[in-house]
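K.L.:
Okay, handing you the structure first.
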Amino acid sequence: MAHNVNFDLTAQHMEAGLESPADEEGVHDSFNQLIEDQRQEAFELQELQRDLDEEERDSVAYLSSPGREMWRGSQGRGEEEEEEGRQLDPLIEERWSSATLKVLSSMPSRTIGRSRGAIISQYYNKTMKLRRRRQSRPSIKDFSRSARPSIRGYGMESDCMETEGVDEEGRKRDQLVNNLQNLSLSDRVRMLRAMPLSVAEKSELRRLAGRKGQRSNHSQIPCCSQLKYHIIIALRQSWYSCLSFLHSLQLWQVALKRVSGRFGTGVLSYFLFVKTLLFFNIFLFLVTGLFLALPQAVHPPTLTQGHEAFSGLELLTGGGYFSDSVMYYGYYSNSTLYKDCRVTSSSMDQQPSPSVSRRTMETDCGVKLSYNMPLAYFFTIGVAFFITCIILVYSMSKSFGQSFRIDKSHGILAMKVFCSWDFKVIKKTSVKLRSENICTQLRDLQYRSRIPTKDPLLKEASLLALPVVVSLINLLLPGLFNATAWMEEYDSPSVNTYVAISRNLMLKVSVLVVLCFHWLGRIASDPHSIGLQCWESFVGQELYRFLLMDFIFTILDTCFGEFLWRLFSQRVLKRKRKPVFDISRNVLELIYGQTLAWLGVLFTPLLPAVQIIKLLLLFYMKQTSVMMNCQSPRKPYRASQMSTIFITLLCCPSFLGAAVCVSYTMWSIRPSESCGPFRSLSTMFQSGKLWVKELETHNPNLAWLAWAHSYIVENPLFLFLAAGIFLIVIYFNTQVVDGQRKIISLLQEQIENEGEDKKFLITRLQAIHQQKRPLSPRRLTSQASQDSNS
Amino acid sequence: MGTTASQLGKDLLSEYQELTFLTKQEILLAHKRFSELLSKEDRNLTSVPMEKVLSLPELKSNPFRKRICHVFSTSDMKDGSLTFEDFLDLLSAFSDSATLEIKSHYAFRIFDFDDDGTLDGGDLEKLVNCLTGETEDTRLTPEEMRQLISNILEESDIDKDGTVNLSEFQHVISRSPDFVSSFKIVL
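Going line by line, the protein sequences match chains G and B.
Residues 1 to 790 (UniProt numbering) make up the first sequence, in order.
Residues 1 to 187 (UniProt numbering) make up the second sequence, in order.
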């Protein structure tokens, strides 16, 4: 009968890997395809009856070749198709006759999971593939003569189909044993282990394979290969005993089992990780201990200073007694260590003959054991790190290979149902918890679309969460900075102030940068992902909330913070004077608030009004607080310098940052489609361009304005020129200032010189007058008074 | 295969080491525990009845304990009693070094409640009931169960025959990296 069944199975056999779990190609083909094929043919009931008669004798599947079985199974299936007249999913229905059920039960796809014969034949195929991979071709004499020469050795014994009988399974088993014999020993062991048969059957197979193999081995192999065979056996035994020894070291086995019994695989992985780290550290300790600490401890260097006594604090600080011991780098000598061979009567007998010695030292030594300490130190550390690196990379690649899966997106439900039970969990309560958890998860996966409705007021109030968090950060972290500054020692108080300002500034700048990124980078680029129709209004509202929260927290801080701090410092710390008003912190808070206002004015045009109200209230509040809670500062405050700094901060990070954000928004971000004055444009800036174009068309007199706009404002060359001219002007001014400084210094020098001249002339005058009237002191004094009068 | 002897022979031990995924220590420990299970019974028995096996702490709370005994049992009476070699088979399939293929094969057989070689709707329903526990409030309603089973079949039944056979099961399993570590029982 003509059936369009796909017999091209050789290609599939070649491709399938040896130990792939999804070994579908070797077992069956797509079922659907065959149903389609069958439905188009006409069947005869006698064929089915004949098949059923044959099958009744044997409930275990007989498989000559998978294709043929497929054909049989599908034939029965197709016949049922005809009977029921159904299209695609009739197999879920259960009204089959007993004959059909029998056919169903002997289908290869169903028997592979159940019957021994199917497993044997599957593993026969696998061993065949393995042999083909390991050797070129199995020897011809192992196959029956009736097999066609071209496919001899590839398992396609199609001509043997006629000899099917009761002993089909036995024949398959013999073939499997034959294949096993021809594999190498390790392959055979691996194959036997991986078979899902019971131990009794596997030992039977092993016995058969080993016996025949041994017979053939002894007859064929010459003696040197026999030796190799024995060596391999011995190596294998030693490998097994080595593995057993490693397993017997079982550190923490009981504890790990208890943990996994109660908590499962997830928590267990933490403890296994601890174990892994322990082994790494043991390895490192052994290496450094053996190669570094031990030789140095045996040959202690001569100490230059006395050893400090042991007191308990060394255990915490690591210094003291330990600082001159083998624990630290400084103890190790930088020369080659020689074995100290002190000549004693007993050791003389043990030493080798002195004639071997090349160099004589103070004592007669034989062969010297020298240990190059610097070299050992360097290589030990290097090699230890290298080996650790190799081990880590190897285990990382192994675990990555185990856990990486390509197609994870669908099939989650089936995966969860089949794989989620953790068989390691033993404790009853844990089992119960897991069952409940699985039930919840399954229910959730089913009803994934159901979103619980939240109270709308609650949703609105939850929008306040972010501003509150940011304000809290802004409030608490500067206090932390002050506390750390108290512990640090600075060269001068002004350094203290600058450090505090810069820390606070960096905090606020980073907060603002993250917020801007969040608003402009994420919300503005994809507003529909959050369900926003009008993102500009949303951002404006956010900024309003931030401003308001900042104000509220400032109020709280002023009322409670400063007030409480004053009480605390006076009552508890017993300080005589009230606390000092922290000028820089408060000014930075004002700058932060102003930055928010500048950022928000594009989205919320009335935000400056809010800021005005806030500043008015803040003024009165802070004034009251300062009067009540603070004292005048002891340190002189360089007001004009700090004012300059604050104005600079207001201009440079604050205003500049806000201007950059606003320009970016106007230049590149797409406005919302459904709200705002720019709703149909691609950028906000386009409105200007459109107006200029309109101007051109409506009013030809003002065409020069349009020309000016397009050629000057939009032209980058103009901006470069303007900036260049501006820079040149600044440069000239600085040069003028420099020149004037030089002139000032020259003039100062000149004045000094003039002063010198004046001093010189006066002394000379004095000297001359004294020479002219030398006679009497009376006359001198009257002369002097006359002189002084004239 | 004398398992009632108080000690395992050396060649038997090495044979078991070769045929299963267990190490020597694990085989000896299994022998000890199996002997304890046998100790109260008649010495001539070679297999332990299912009730005694289920009294092991490792299996006591497992919802699949009866199926595990049935799958690994080679007794002719199909009563779930295990000989020592069946016990070793069990431990080998659930051991650390067993391959994914062995584990998925035995997992399939454990989940196949009616032993017909595939997981049909009835098998899946019993499986889900075992997973979600025996109490009433964790059980799924019939409507939920039906929906769940049809979703599972839609995801994993590749040839659309209404059941999940071994290959399809292994295909689903191979996509989960945690299966190997959760399908473990350690004595």
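Ideal Cβ placement from N, Cα and C applies to all residues, glycine included.
Note down the Cα distance separating F291(G) from Y394(G), rounded to an integer number of angstroms.
P.N.:
Position 291 of the first sequence, counting from 1, holds the residue named residue 291(G). Position 394 of the first sequence, counting from 1, holds the residue named residue 394(G). Near 25 Å, if we compare the C-alpha coordinates of Y394(G) and F291(G).
K.L.:
Considering only the beta carbon of each residue, do S176(B) and E168(B) sit closer than 8 Å?
P.N.:
On the second sequence, position 176 is the one that residue 176(B) refers to. On the second sequence, position 168 is the one that residue 168(B) refers to. Cβ atoms of S176(B) and E168(B): not closer than 8 Å.
K.L.:
Quick one, are the C-beta atoms of D422(G) and T265(G) less than 8 Å apart?
P.N.:
As a working mapping, residue 422(G) is identified with position 422 in the first sequence. As a working mapping, residue 265(G) is identified with position 265 in the first sequence. Yes, Cβ-Cβ distance for D422(G) and T265(G) is below 8 Å.
K.L.:
Which residues in chain G sit within 7 Å of H70(B), going by Cβ to Cβ distance?
P.N.:
Locating residue 70(B) in the second sequence gives position 70, counting from the first residue. Those do not exist, as H70(B) stays about 13 Å from chain G at its closest Cβ, beyond 7 Å.
K.L.:
In whole angstroms, what separates the C-alpha of V572(G) from that of I552(G)?
P.N.:
On the first sequence, position 572 is the one that residue 572(G) refers to. On the first sequence, position 552 is the one that residue 552(G) refers to. For V572(G) and I552(G), the distance between alpha carbons rounds to 28 Å.
K.L.:
In three-state DSSP terms, what is L130(G)?
P.N.:
As a position in the first sequence, residue 130(G) is number 130, starting the count at 1. In the structure shown, L130(G) sits in a helix (DSSP, three-state: H, G or I).
K.L.:
On the three-state DSSP scale, how would you describe V580(G)?
P.N.:
Looking up residue 580(G) in the first sequence gives position 580. Strand.
K.L.:
How about the stretch 527-539 of chain G and the stretch 612-619 of chain G: do they share at least three Cβ pairs that are nearer than 8 Å?
P.N.:
The stretch 527-539 of chain G, when compared against the stretch 612-619 of chain G, does not touch it at the 8 Å Cβ threshold.
K.L.:
In the DSSP assignment, the alpha helix (DSSP H) including S174(B) goes from what residue to what residue?
P.N.:
Taking the second sequence and counting its residues from 1, the one referred to as residue 174(B) is at position 174. L166 to S174 is the span of the alpha helix (DSSP H), which, as asked, contains S174(B).
K.L.:
Where D444(G) and S198(G) are concerned, what is the direct C-alpha to C-alpha distance, given to the nearest angstrom?
P.N.:
Here residue 444(G) refers to the residue found at position 444 of the first sequence. Here residue 198(G) refers to the residue found at position 198 of the first sequence. Spanning the two alpha carbons is a distance of roughly 40 Å.
K.L.:
So, with DSSP's three-state summary, where would you put Q7(B)?
P.N.:
Taking the first residue of the second sequence as position 1, residue 7(B) is located at position 7. Reduced to three states, the DSSP call for Q7(B) is coil.
K.L.:
Just verifying my parser: in three-state terms, what is the DSSP assignment at V302(G)?
P.N.:
Within the first sequence, numbered from 1, the residue matching residue 302(G) stands at position 302. In the sequence under discussion, the amino acid at residue 302(G) is Thr, which differs from the Val named in the question. T302(G): coil per DSSP, three-state reduction.
K.L.:
Rounded to whole angstroms, how far is the Cβ of D557(G) from the Cβ of L475(G), which I believe are closer than 8 Å?
P.N.:
Looking up residue 557(G) in the first sequence gives position 557. Looking up residue 475(G) in the first sequence gives position 475. Sure, about 6 Å apart at Cβ, within 8 Å.
K.L.:
So is K424(G) buried or exposed if we call it buried at 16+ other beta carbons inside 10 Å?
P.N.:
Translated into the one-based positions of the first sequence, residue 424(G) becomes position 424. Flag for K424(G) reads buried.
K.L.:
Pick out whichever of S510(G), N437(G), K454(G) and E488(G) has its Cα sitting closest to the Cα of I473(G).
P.N.:
Along the first sequence, read from residue 1 onward, the residue named residue 473(G) stands at position 473. The shortest C-alpha separation from I473(G) is found at S510(G).
K.L.:
Under three-state DSSP, which class holds K464(G)?
P.N.:
By one-based count along the first sequence, residue 464(G) stands at place 464. Per the sequence presented here, residue 464(G) reads as Leu, with Lys not at that position. Three-state result, L464(G): coil.
K.L.:
For I120(G), which residues in the same chain have their Cβ closer than 6 Å to its Cβ, ignoring the five residues on either side in sequence?
P.N.:
The residue you call residue 120(G) lines up with position 120 of the first sequence. K172, R173 and L176, listed in sequence order.
K.L.:
Counting only C-beta atoms, is Q181(G) closer than 8 Å to chain B at any point?
P.N.:
Here the question's residue 181(G) lines up with position 181 in the first sequence. It does not: the Cβ of Q181(G) has no partner Cβ on chain B nearer than 8 Å.
K.L.:
Can you check the stretch 21-45 of chain B for any alpha helix (DSSP H) of at least 4 residues that lies completely inside it and give the ranges in chain order?
P.N.:
For the stretch 21-45 of chain B, whole alpha helix (DSSP H) runs of length 4 or above, ordered along the chain, are 24-39.
K.L.:
Measuring alpha carbon to alpha carbon, tell me which residue in S186(G), L606(G) and T127(G) is nearest E18(B).
P.N.:
Here residue 18(B) is taken as the residue at index 18 of the second sequence, counted from 1. If we check each option's Cα against that of E18(B), S186(G) comes out closest.
K.L.:
From the DSSP output, read off the bridge partner residues of Q122(G).
P.N.:
Translated into the one-based positions of the first sequence, residue 122(G) becomes position 122. Per DSSP, none; premise fails for Q122(G).
K.L.:
DSSP beta-bridge partners for V48(B)?
P.N.:
Taking the first residue of the second sequence as position 1, residue 48(B) is located at position 48. Paired residue(s): L82(B).
K.L.:
In whole angstroms, what separates the C-alpha of L208(G) from that of A384(G)?
P.N.:
The residue you call residue 208(G) lines up with position 208 of the first sequence. The residue you call residue 384(G) lines up with position 384 of the first sequence. Cα to Cα, the separation comes out at about 49 Å.
K.L.:
Would you say R193(G) faces chain B, with C-beta separation under 8 Å as the test?
P.N.:
In the first sequence, the residue the question calls residue 193(G) occupies position 193. R193(G) counts as touching chain B.
K.L.:
Given a cut-off of 8 Å on the beta-carbon distance, is the pair L251(G) and K275(G) in contact?
P.N.:
Here the question's residue 251(G) lines up with position 251 in the first sequence. Here the question's residue 275(G) lines up with position 275 in the first sequence. Yes, the Cβ-Cβ distance between L251(G) and K275(G) is below 8 Å.
K.L.:
Give the DSSP-derived three-state secondary structure of T100(G) in the structure shown.
P.N.:
Working through the first sequence from its first residue, we reach residue 100(G) at position 100. Three-state result, T100(G): helix.
K.L.:
By the criterion of Cβ-Cβ separation under 7 Å, what are the contact partners of L130(G) in chain B?
P.N.:
Translated into positions along the first sequence, residue 130(G) becomes position 130. Chain B residues near L130(G): none, gap ~14 Å exceeds 7 Å.
K.L.:
I'd like to know whether the C-beta atoms of M191(G) and L180(G) end up nearer to each other than 8 Å.
P.N.:
For the purposes of this step, residue 191(G) is taken as the residue at position 191 of the first sequence. For the purposes of this step, residue 180(G) is taken as the residue at position 180 of the first sequence. It is a contact, given that the beta carbons lie within the stated cut-off.
K.L.:
On the DSSP letters alone, give me the boundaries of the beta strand (DSSP E) that L337(G) sits inside.
P.N.:
Position 337 of the first sequence, counted from the first residue, corresponds to residue 337(G). L337(G) -> beta strand (DSSP E) spans T336 to Y338.
K.L.:
Does any C-beta atom of chain G lie closer than 8 Å to the C-beta of F183(B)?
P.N.:
Against the second sequence, residue 183(B) aligns to sequence position 183. Taking Cβ atoms only, chain G reaches closer than 8 Å to F183(B), which makes this a yes.
K.L.:
Please return the same chain residues whose Cβ sits closer than 6 Å to the Cβ of I102(B), not counting the five positions on each side in sequence.
P.N.:
As a first step, residue 102(B) is located in the second sequence; it is residue number 102 there, counting from the start. Answer for I102(B): A93, listed in chain order.
K.L.:
Beta-carbon of K427(G) versus every beta-carbon of chain B: anything under 8 Å?
P.N.:
Along the first sequence, read from residue 1 onward, the residue named residue 427(G) stands at position 427. Judged by the 8 Å Cβ criterion, K427(G) is in contact with chain B.
K.L.:
Nearest by alpha-carbon distance to T604(G): which of S625(G), W535(G) and S569(G) is it?
P.N.:
Numbered from its first residue, the first sequence carries residue 604(G) at position 604. For the residues S625(G), W535(G) and S569(G), the minimum Cα distance to T604(G) belongs to W535(G).
K.L.:
If you pair each beta-carbon of the stretch 652-667 of chain G with each one of the stretch 592-606 of chain G, do three or more pairs fall below 8 Å?
P.N.:
Enough Cβ pairs lie closer than 8 Å, so yes.
K.L.:
So, Y664(G) versus G600(G), is the Cβ gap smaller than 8 Å?
P.N.:
Taking the first residue of the first sequence as position 1, residue 664(G) is located at position 664. Taking the first residue of the first sequence as position 1, residue 600(G) is located at position 600. No, they are not a contact pair.
K.L.:
So, is the C-beta of R443(G) closer than 8 Å to a C-beta in chain B?
P.N.:
Walking along the first sequence from the start, residue 443(G) turns up at place 443. Answer yes: the Cβ-Cβ gap between R443(G) and chain B drops below 8 Å somewhere.
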